[in-house]
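Colleague: One structure is given below, represented as structure tokens, and several questions about it will come after.
Number of protein chains: 2
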Amino acid sequence: MTITQLKYVLAVAEHQNFTKAAETVFVTQPTLSMQIQKLEDELEAQIFDRSKKPIELTNIGHKIVNQARNIVNEANRIQDIVDQQKGFIGGEYKIGIIPTVMPTLLPMFLKTFTQKYPKVELRIEELNTSDIIKKLSDGHLDAAIAATPLMNDSLKERVLYYEPFVGYIPEIHSLSKKQYLETSDLDINDILILEDGHCYRESIFNLCKTSKRHAKENFQLKSGSFETLVKLSKEGLGMTLLPYLHTLDMTEDEKKRLRFFNEPSPAREISLIYHKSELKLQITTALYDLILSIIKGAIAFQDVKIISPLSKD
Amino acid sequence: MTITQLKYVLAVAEHQNFTKAAETVFVTQPTLSMQIQKLEDELEAQIFDRSKKPIELTNIGHKIVNQARNIVNEANRIQDIVDQQKGFIGGEYKIGIIPTVMPTLLPMFLKTFTQKYPKVELRIEELNTSDIIKKLSDGHLDAAIAATPLMNDSLKERVLYYEPFVGYIPEIHSLSKKQYLETSDLDINDILILEDGHCYRESIFNLCKTSKRHAKENFQLKSGSFETLVKLSKEGLGMTLLPYLHTLDMTEDEKKRLRFFNEPSPAREISLIYHKSELKLQITTALYDLILSIIKGAIAFQDVKIISPLSKD
DNA sequence: TAATTTTATTGCATAAATCTATTACAATGA
DNA sequence: TCATTGTAATAGATTTATGCAATAAAATTA
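Quick note, the sequences are listed as chains W and P, same order. Sequential numbering from 3 applies to the first sequence in my numbering. Sequential numbering from 3 applies to the second sequence in my numbering.
If you want it as structure tokens, here you go:
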């Protein structure tokens, strides 16, 4: 049994296809087939059921794959240990960020990070929360930034900041006269919400007192941006809620239409998330510390009420 | 990096000597040297400090060795998983037993075990507690039987039985008239104790109310057997304490000199111990279940007071 | 300093891994 | 039914890795 063989097994298990798996591990299909056969012979157990199309894991195969992931993870960690001991911060580092955080947070830390850690090759990807969980779990991401808590046992979270929600109230709106908003002011049928995986949207639903989850809506907004929301709001289609950081680069005119909540303001918790195996922890910690030091200047709210991104049905 | 290389590293780390390490992994010394050099090149880190005699681990080497042990353990577990899934109970299984348990317990289960699990190749070794802990930790033993609790985080214990201590009181002894003993009757200076690692002896010391740990003794008894103790006791050199199972095959005459304790009787806890990594757990569990079913017929005491094998200085 | 022990180096044989080319097999659709 | 397609298995050639024996080099001990 070799670590290489285990990596091959993981690739096939993931793609359910020998040919595709072979590509991802940069060998030819016969090579991969033979190595997997050798491992199966050695263990005297079938890992894959090749009669099914696409290929499936056998009962025992599932357990072997889980253990293989374990071993490969632990093996990867050896280089981590060496890097850490040497104080070396480098190598490829893949990070996922949810769409509603990406445009505000990334510009704040990206330049500083790449300057401070030039040997790290950052690969940044915009992903929704469920994809992030998937990719962190199977090792396709080293870390991610998303709304938390995720209540996922195999992931670790370190809170970066609490981002309050701010109301954008068009001039003609009834709430326009109020200086500060209350949670009880909100009516789900009157708020424009971004369709965004199941993350930001869920938060708002949980926030509304009058929340009938499947309230009738005149229209559905998919893959929109906050910019669009604000424009629709201006057209009188309702108020909207924006995460605080999105309000910072608004025009002065627009800012006049913002209404903050009375404390404790509803807020979302944004965290750096990574697998509990803590691979590449040096880089993760470096990233965490950097973002934290930057965000402290941008967000300074006292008392917030965290809205969980998870629906509680 | 290969699993083989990691095994070579572990061997050198253990023996602090390339030549001896090579023997234990059944390759020549040059082969082993080269593989370790290759690994060091790949990791760009020195694992061993070859300038020291005997060879020492570098700082980073220590961490690499720990992680290597992890990986090799996890790798071994794959065959375990396959065996378990198939219900196969077999392979080499190394077990250590403390001297004061060996002669009474081993005969009770050995024959039945080898008959029930003919494919398991049992390797039994008499070891004292500290050697057992060492060998369980570094993987040279799969399980052990010893007095517990050991308070060792990397080991797991499953209690097999509680074995009460029984007094052997020579006829001329003052306690001879009593039907049952009390813990308070015991005087450390009057009891013959077996020198036995630091396990059985410590138990007795903790038991005596009058325990001055470094009480003067007229003589010291090393590596004796209970048989010797009983004979010395008969000579009038004092009473002695025997674990219950050792009293079962005494002659009727000798049994007349036995005095049990009033309940709760002082007792030692005997457990099956194994590494928390739970390698070969199927066999361990099979062994545990078997011993438990056998011992139930032999020991049936209600209320006992467990004497810890650890000194509490 | 010589003898001994231990690790590193060299050259060669063998085993293993990988590649290319091809075959085999099953599912799909004309 | 028979190409077509997608996919895994097999065969043979090639490259790479692993291992051994012999020996050199370094360190230790007598």
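Note that beta-carbon positions come from the ideal geometry of N, C-alpha and C, so glycine has one too. This one's a predicted model, so the numbers in the text were calculated from it and none came from an experiment.
Are the beta-carbon atoms of arginine 2 of chain P and tyrosine 290 of chain P separated by less than 9 Å?
Modeller: Look at the range of chain P in this structure, 3 to 315, and you will see that residue 2 of chain P is not part of it.
Colleague: Quick one, which of P:Gly93, P:Ile135, P:Ile100, P:Pro268 has its alpha-carbon nearest leucine 183 of chain P's?
Modeller: Leucine 183 of chain P has its Cα closest to that of P:Pro268, out of P:Gly93, P:Ile135, P:Ile100, P:Pro268.
Colleague: Where do the N-terminal and C-terminal ends of the alpha helix (DSSP H) with tyrosine 246 of chain P fall, by residue?
Modeller: Run containing tyrosine 246 of chain P: none; DSSP gives neither H nor E here.
Colleague: Do glycine 98 of chain W and alanine 47 of chain W have their C-beta atoms closer together than 9 Å?
Modeller: In this structure, the beta-carbon distance from glycine 98 of chain W to alanine 47 of chain W does not fall below 9 Å.
Colleague: Mind listing the chain P neighbours of glutamate 280 of chain W? Cutoff is C-beta to C-beta under 8 Å, in chain order.
Modeller: Chain P residues near glutamate 280 of chain W: none, gap ~12 Å exceeds 8 Å.
Colleague: Could you name each continuous alpha helix (DSSP H) segment of 4 residues or more that falls completely within the segment 66-123 of chain W, going from the start of the chain to the end?
Modeller: The segment 66-123 of chain W contains these whole alpha helix (DSSP H) runs: 104-118.
Colleague: Using a Cβ cut-off of 9 Å (strictly closer), state whether asparagine 154 of chain P contacts chain W.
Modeller: It does not: the Cβ of asparagine 154 of chain P has no partner Cβ on chain W nearer than 9 Å.
Colleague: At the level of alpha carbons, what is the spacing between threonine 2 of chain P and valine 14 of chain P?
Modeller: Nothing can be reported for residue 2 of chain P, as the shown portion of chain P is limited to 3 through 315.
Colleague: Contact criterion: CB-CB distance below 9 Å. Does lysine 40 of chain P meet it with respect to chain W?
Modeller: No - not a single Cβ of chain W is within 9 Å of the one on lysine 40 of chain P.
Colleague: Compare the C-alpha of threonine 21 of chain W against each of W:Ser35, W:Thr114, W:Lys9 and name the closest.
Modeller: W:Ser35
Colleague: Alpha carbon to alpha carbon, how far is threonine 286 of chain W from leucine 162 of chain P? Give it in angstroms, no decimals.
Modeller: 46 Å
Colleague: Methionine 3 of chain P CB to nearest chain W CB: under 9 Å?
Modeller: Closer than 9 Å to the CB of methionine 3 of chain P there is at least one CB belonging to chain W.
Colleague: Keeping to the same chain, check which residues put their C-beta closer than 6 Å to that of leucine 107 of chain P; ignore five residues upstream and five downstream.
Modeller: none
Colleague: Does the Cβ-Cβ distance between isoleucine 100 of chain P and leucine 129 of chain P come in under 9 Å?
Modeller: yes
Colleague: With C-beta atoms as the reference, is lysine 278 of chain W less than 9 Å away from aspartate 155 of chain W?
Modeller: yes
Colleague: Which same chain residues end up closer than 6 Å to histidine 175 of chain P when comparing Cβ atoms and leaving out the 5 residues on each side of it in sequence?
Modeller: Met241
Colleague: Is it true that the segment 65-75 of chain P meets the segment 58-70 of chain W, where meeting means three or more beta-carbon pairs spaced less than 8 Å apart?
Modeller: Judged by Cβ distances under 8 Å, the segment 65-75 of chain P makes no contact with the segment 58-70 of chain W, as fewer than three pairs qualify.
Colleague: Under the three-state reduction of DSSP, which class applies to glutamate 184 of chain P: helix, strand or coil?
Modeller: coil
Colleague: Check whether the Cβ of proline 166 of chain P lies closer than 9 Å to any Cβ atom in chain W.
Modeller: no
Colleague: Is it a yes or a no for the segment 101-120 of chain W touching the segment 108-115 of chain P, going by three-plus beta-carbon pairs under 8 Å?
Modeller: no
Colleague: Which residue's Cα is closest to the Cα of histidine 17 of chain P: P:Val67, P:Lys40, P:Tyr276?
Modeller: P:Val67
Colleague: If you drop the 5 nearest sequence neighbours on each side, which residues of the same chain put their C-beta closer than 7 Å to that of glutamine 31 of chain P?
Modeller: Phe20, Thr21, Ala24.
Colleague: If you run the structure through DSSP and keep just helix, strand and coil, what is lysine 22 of chain P?
Modeller: helix
Colleague: I need the boundaries of the alpha helix (DSSP H) containing phenylalanine 262 of chain W, first residue and last residue.
Modeller: That residue, phenylalanine 262 of chain W, is in no alpha helix (DSSP H); it is neither H nor E in DSSP.
Colleague: On the DSSP bridge list, what partners appear for glycine 63 of chain P?
Modeller: In DSSP, glycine 63 of chain P forms no bridge with anything.
Colleague: Using only alpha-carbon positions, find the residue among W:Ile297, W:Ile296, W:Leu283, W:Val168 that is nearest to glycine 92 of chain W.
Modeller: Minimum Cα distance to glycine 92 of chain W is reached at W:Leu283.
Colleague: In whole angstroms, what is the alpha-carbon distance linking isoleucine 193 of chain W and threonine 131 of chain W?
Modeller: 22 Å
Colleague: With 9 Å set as the bound, which would you pick, yes or no: does the beta-carbon of lysine 233 of chain W sit closer than that to a beta-carbon of chain P?
Modeller: no
Colleague: So, threonine 102 of chain W versus histidine 248 of chain W, is the Cβ gap smaller than 9 Å?
Modeller: Closer than 9 Å, so yes.
Colleague: Is the beta carbon of proline 166 of chain P sitting closer than 9 Å to the one on phenylalanine 90 of chain P?
Modeller: no
Colleague: Counting C-beta neighbours from all protein chains within 10 Å, is the total for leucine 243 of chain W 16 or more, i.e. buried, or is it exposed?
Modeller: By the 10 Å Cβ count, leucine 243 of chain W comes out buried.
Colleague: If you draw a straight line from the C-alpha of leucine 223 of chain P to the C-alpha of methionine 104 of chain P, how long is it?
Modeller: Summary for leucine 223 of chain P: the model assigns pLDDT 49, below 50, so the residue's position carries little reliability; its value from the coordinates is reported in the next sentence. Cα to Cα, leucine 223 of chain P sits roughly 19 Å from methionine 104 of chain P.
Colleague: Starting from lysine 298 of chain W, trace the beta strand (DSSP E) both ways and give me its first and last residue.
Modeller: Segment 283-300 is the alpha helix (DSSP H) holding lysine 298 of chain W; no beta strand (DSSP E) there.
Colleague: For valine 11 of chain P, which of helix, strand or coil comes out of DSSP?
Modeller: helix
Colleague: May I have the straight-line CA-CA distance separating leucine 157 of chain P from glycine 141 of chain W, to the nearest angstrom?
Modeller: 30 Å
Colleague: Does the CB of alanine 15 of chain P have a neighbour CB from chain W at under 9 Å?
Modeller: no
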